Amino acid sequence: MQLRDIHHRRGRRIPFWLWLILSLLVVLSGVSLYNRREDLLGNTALALPTPLPTPDTISMLAQARNLESRGQLLEALALYQEIALIEPEDPFALVAQSGIYLRFEESDKALETARQAFVLDSENPSVLNALGRALDWTGAYEEAVDVLVEALTLNPHDATTLAILGEVYADVGNWGQAALYLDQALEADSQHVLAWRNHALLLERQGLYPEALEALDTGLAIDATAWDLEIYRGRLFEALFEWDNALAAFQRAVDINPYISDTWDALGFGHFKVGNDLEALRTLKEAVKINPQDGVAQAHLGSVYYRRRNYESAVEILTLAVGLLGDRARIEYLYQLGLAHIYKEPRECERAIPWLEAALEIDPQSGPALSGLSECPPVGT
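In the numbering used here, each number is its position in the sequence shown, counted from 1, plus 1140.
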C-alpha cells in the first residue's frame, strides 16, 4: 500500500493549462526585468561600498600624543586638527589643540577651540578644564571660576581642576584661595606637574622667587621633559638678575625640546638682554626658521636688527612681526618699526608716522615715539 501511494504521487502530472500560465508569467517577468535593467544596475552601483578606507583615528591619536610628548607641538597640532575634521562630534582633539595653543601663549585660539569642545560636550571635565584655563588666560576670571566649579561638581578630587582654580585665584591676587586649591591639588596628586607650576606662579606673584624656583625644581624632578618649566625658571632667574643661570635654564629648554620656536626664542632673547647680539641673532633666526608664524620670535629678531642699526632688516622683520601679533604687539615693537623707517636710507616718514602714532595710543608719553614724530611731524602740524 505504501509503495503504491508513493508511485501514485510520483506519476502525478501538472495540467497543461497550469504549465501555460506559469510559462507566461516567467516570460513576462523576464521582459520586466530587461526593461528595468538600467535602474537596477544603477541601484546596485550605489549600494557598492566606497573604495576609500576609513581613516584610523586611533592610530592618528596615538601618533599625535607621541609627537606632543616629544615636544613636536606644531606637528601634533596639525594632526589634532585633522582628527577634529574626521571626528567632528568628539571634543578630545579640540581639547588637545586648546592646550597646545596655551603653550604657544595664543590664548585667543585656545579659547576658541575650547568653546568648540564645550558645544560638543558641556559635561566633560576635560572640556571644562580646558575652557576654564583658556578663560583665565584671556582675563575672563569670573567665567573661568564658574566653569571650573562646575567641573569640580563632576569630580571633586580632580587635581587638574583644582590646579587651574589655584592659577585663576593667583592671577586675581587672592593668595589664600589660590593656596587652598593648590594644596588640595597636590594632596590629590603630589606628582601633578601643573599643580607645581601653578604653585610656583603663586609664589612668584608674592615676590617669593627662590621658593618659586624650588617649586619648579620639584616639577622638573617629576617630569624632566617639561621644557616650559625650564623657560619659567630662566625668567625667574632674570628677575633675580642671575643672568648666567637664566641662560643655562634657557639652554636646557632648547636641549629638552629643540623642535619648537619657543625654546629658541627664550634663549635668543635672553642673549639679547645681556648684550650678546650675535648669539641672539643666530638663535632667533633658528626660532623663526622653525616657526615663521611666531610673531614674538619675529619681533625679538627685529629688535636685534634695530639695535645693531640694520634698519632695513628691522623694517622687514618688525613689519612681519606686528602683522602676526596684531593687538598683542608691544609698544617697543611699534616705535622701533617707526624709528627704523626714519633712520634707514632712504628715510620714509610717511610710513613711520602711523607706527609712532600707534605707540602713542598705548602710551601718550612714550619718549621714543615722541622723538620720532619730532623728526617726522605729521602733515598739518
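Note that CB positions come from ideal geometry on N, CA and C, so glycine has one too.
This structure is a prediction, so every number in the text was calculated from the model and none was measured.
Just curious, the alpha helix (DSSP H) that Q1331 is in, first and last residue?
-> Premise fails: Q1331 is in no alpha helix (DSSP H) and is neither H nor E.
Rounded to a whole number of angstroms, what is the C-alpha to C-alpha distance between L1477 and I1240?
-> 30 Å
Under 8 Å by Cβ, that's how I've got Y1321 and L1302 pegged, so tell me the actual separation to the nearest angstrom.
-> 5 Å
Closest by C-alpha distance to D1298, when choosing among H1332, D1311, A1280 | H1332
What did DSSP end up calling S1262 once you bin it into helix, strand or coil?
-> coil
How about the segment 1241 to 1252 and the segment 1422 to 1429: do they share at least three Cβ pairs that are nearer than 8 Å?
-> no
Output the residue ranges of the beta strand (DSSP E) runs that lie fully inside the segment 1280 to 1316 and measure 3 residues or longer, sorted by chain position.
-> none
Cα-Cα, which of L1464, P1296, Y1445 is closest to L1479?
-> Y1445
For I1371 and G1347, the rounded distance between their alpha carbons | 18 Å
Which residues mark the beginning and the end of the alpha helix (DSSP H) in which Y1241 is found?
-> 1232 to 1243
Assigned secondary structure, F1381 (DSSP; H/G/I helix, E/B strand, else coil) = coil
Alpha carbon to alpha carbon, what distance is there between Y1220 and E1227?
-> 10 Å
Alpha-carbon to alpha-carbon, A1499 and S1506 | 7 Å
Are the CB atoms of I1482 and P1518 nearer to each other than 7 Å?
-> no
Compute the Euclidean distance between the alpha carbons of A1216 and Q1317, then round it to the nearest angstrom.
-> 35 Å
Rounded separation between V1285 and R1205 - CA only | 28 Å
If we ignore side chains and look at the alpha-carbon of each, how far apart do V1455 and L1418 end up?
-> 19 Å
In angstroms, rounded to a whole number, what distance separates the CA positions of E1344 and A1352?
-> 6 Å
Sorted by chain position, which residues of the same chain lie with C-beta nearer than 8 Å to A1389's C-beta, five sequence neighbours on each side aside?
-> E1370, I1371, R1373, G1374, F1377
Can you tell which of S1443, L1465, L1513 has the C-alpha that lies nearest to the C-alpha of R1491?
-> L1513
Alpha carbon to alpha carbon, how far is H1411 from E1263?
-> 46 Å
Pull up the distance between the alpha-carbon of A1379 and that of E1501, whole angstroms please.
-> 28 Å
With a 10 Å radius around its C-beta and 16 neighbouring C-beta atoms as the bar for buried, classify V1394 as buried or exposed.
-> buried
Helix, strand or coil for A1469, going by three-state DSSP, please let me know.
-> coil
Close-in-space but distant-in-sequence residues of the same chain around T1423 (CB under 7 Å, 5 per side omitted) = W1404, L1407, G1408, H1411
What did DSSP end up calling R1448 once you bin it into helix, strand or coil?
-> coil
Can you have a look at E1307 and say buried or exposed, based on whether 16 or more other CB atoms are within 10 angstroms of its CB?
-> buried
Counted within 10 angstroms of its Cβ, other Cβ atoms place I1457 as buried (16 or more) or exposed | buried
Taking the continuous alpha helix (DSSP H) assigned at E1354, which residues delimit it?
-> 1349 to 1362
Rounded to a whole number of angstroms, what is the C-alpha to C-alpha distance between I1400 and N1431?
-> 7 Å
Mind reading off the beta-carbon distance from L1465 to Q1433? Whole number of angstroms is fine, and I expect it under 8 Å.
-> Not a contact, Cβ separation roughly 11 Å.
Distance between Q1237 and T1253 (C-alpha atoms, nearest Å) | 7 Å
Going straight from the alpha carbon of S1330 to that of S1453, what length do you get?
-> 49 Å
For the segment 1392 to 1455, list the beta strand (DSSP E) runs that are entirely contained and at least 3 residues long, ordered along the chain.
-> none
Starting from the Cα of P1486, find the closest Cα among Y1451, A1469, D1230 and give me that residue.
-> Y1451
By Cβ distance, which residues of its chain are closer than 7 Å to E1515, with the 5 residues on each side in sequence left out?
-> I1482
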